[in-house]
Amino acid sequence: MLRTVVCRAGSGLLKHSRQTVPALWGTRAQQRWASSLPMNTVVLFVPQQEAWVVERMGRFHRILEPGLNFLIPILDRVRYVQSLKEIVIDVPEQSAVSLDNVTLQIDGVLYLRILDPFKASYGVEDPEYAVTQLAQTTMRSELGKLTLDKVFRERECLNSNIVQSINQASDEWGIRCLRYEIKDIHVPPRVKESMQMQVEAERKKRATVLESEGTREAAINVAEGCKQAQILASEGQKAEQINKAAGEANAILAKSEARAKAIGLLSEALTQQNGNAAASFTVAEQYVSAFSNLAKESNTILLPSNTGDISSMVTQAMAIYGSLSKTKSTADSATAKNNEMTLEGNTVSETETGYK
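Take the sequence shown: its position 236, counted from the start at 1, is 235 in numbering that gives the first Met the number 0, and no numbers get skipped.
Put into structure tokens, the structure is as follows:
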């Protein structure tokens with residue numbers, strides 16, 4: 000009789016524990032989160048990272064900690080078993096409309112953890128299901144604030160906004176959402192084709208812009224090269240002309256200095272004995288040399304009537320030289336007289352000044 004009562008009581012507890020398991024946990028991926036409600040065997044061993052909520056006569060009594068625990072038979076009963084591990088929930092695929100009226104099919108993965116077993120047990124009937132539904136509605140509302148292009152670019156920002164919105168509502172349930180990740184975003188076929196065309200057009204645009212920029216840079220480089228070449232050529236011509244002018248100036252100075260020295264030496268030689276004879280010889284020699292160069296550069300020649308009379312030419316040259324010498328001596332004597340008169344005038348003026 001006693002055995003029959005115990006068996007009935009045990010079967011009733013097992014039946015109650017099966018009924019308290021949420022419907023969301025029925026999937027294969029979520030069966031590992033749920034633990035069957037243990038029977039009150041007075042001595043209980045609570046596994047690590049689990050929280051057993053105990054009710055005494057239908058009222059919350061305490062939460063059993065991992066390890067050895069003792070309960071009073073019949074009065075105490077384990078009502079809820081909460082896992083304190085991080086829970087991964089697969090958010091089903093759902094449709095959402097973006098800001099530019101594009102219908103998207105999107106799904107995600109939700110990572111959460113139970114922080115307060117009491118709130119998770121008594122604050123909501125099925126915490127995981129509630130969080131899943133909240134994640135779906137929040138995701139639809141956040142997608143409605145973004146255009147299609149921003150959905151792909153601001154994926155991380157979208158995930159953080161969803162997590163923040165879930166945590167604001169799930170604090171009363173004792174659940175903390177850690178992360179939310181979007182797995183897949185499915186776009187309608189026509190929109191996908193238009194996106195592909197847009198991408199191709201954007202790439203062609205970039206290619207055209209890059210090609211035009213390359214052409215512009217090449218033209219600028221060619222123009223800069225021509226400019227630099229012209230500048231360098233003009234500077235080279237300028238330097239060449241400066242160097243040529245400096246060389247010609249130095250040559251003229253050297254020739255003039257040599258000519259001056261030659262004239263000085265010639266004047267000294269003329270003052271010596273037989274200087275006139277040497278000058279006559281030099282004039283005759285130059286005359287013969289000039290006569291030998293006739294008709295070499297041109298066929299038109301103008302010759303004096305007495306070309307073969309060298310003596311007359313020498314005599315004429317010496318006469319010119321004599322007249323120049325006389326002119327110079329006359330100029331020298333006039334200069335000497337002027338200097339003497341100037342000295343006498345200065346002496347007279349000084350004498351008159353002394354008398355005064």
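Using N, Cα and C, we set each Cβ at its ideal position, and we do this for glycine too.
Would you identify the three-state DSSP class for residue i, choosing helix, strand or coil?
i, result
"residue 100", "coil"
"residue 133", "helix"
"residue 144", "coil"
"residue 356", "Outside the shown range of the chain, which is 0 to 355, sits residue 356, and nothing can be said about it."
"residue 180", "strand"
"residue 170", "helix"
"residue 47", "coil"
"residue 186", "coil"
"residue 157", "helix"
"residue 252", "helix"
"residue 246", "helix"
"residue 122", "coil"
"residue 35", "coil"
"residue 212", "helix"
Where residue i and residue j are concerned, what is the direct C-alpha to C-alpha distance, given to the nearest angstrom?
i, j, result
"residue 7", "residue 79", "Here residue 7 scores only 35 on pLDDT, less than 50, and its place in the model should not be relied on; the value that follows carries that caveat. Going by the C-alpha atoms only, they are around 21 Å apart."
"residue 135", "residue 108", "11 Å"
"residue 90", "residue 164", "16 Å"
"residue 218", "residue 231", "20 Å"
"residue 27", "residue 102", "For residue 27, the predicted model reports a pLDDT of 38, less than 50, meaning its position is unreliable; a value from the coordinates is still stated below. Distance between the alpha carbons of residue 27 and residue 102: 30 Å."
"residue 197", "residue 121", "52 Å"
"residue 223", "residue 241", "26 Å"
"residue 39", "residue 116", "20 Å"
Please name the residue, chosen from the options, that lies closest to residue i on a Cα-to-Cα basis.
i, options, result
"residue 37", "246, 56, 60 and 75", "75"
"residue 161", "66, 131 and 254", "131"
"residue 139", "206, 72, 237 and 92", "92"
"residue 84", "112, 40 and 195", "112"
"residue 155", "180, 147 and 233", "180"
According to DSSP, residue i sits in a beta bridge with which residue or residues?
i, result
"residue 69", "42"
"residue 81", "50"
"residue 107", "90 and 181"
"residue 59", "54"
"residue 112", "175"
"residue 76", "54"
Should residue i be labelled buried (16 or more other beta-carbon atoms within 10 Å of its own) or exposed?
i, result
"residue 176", "buried"
"residue 57", "exposed"
"residue 150", "buried"
"residue 145", "buried"
"residue 81", "buried"
"residue 50", "buried"
"residue 173", "buried"
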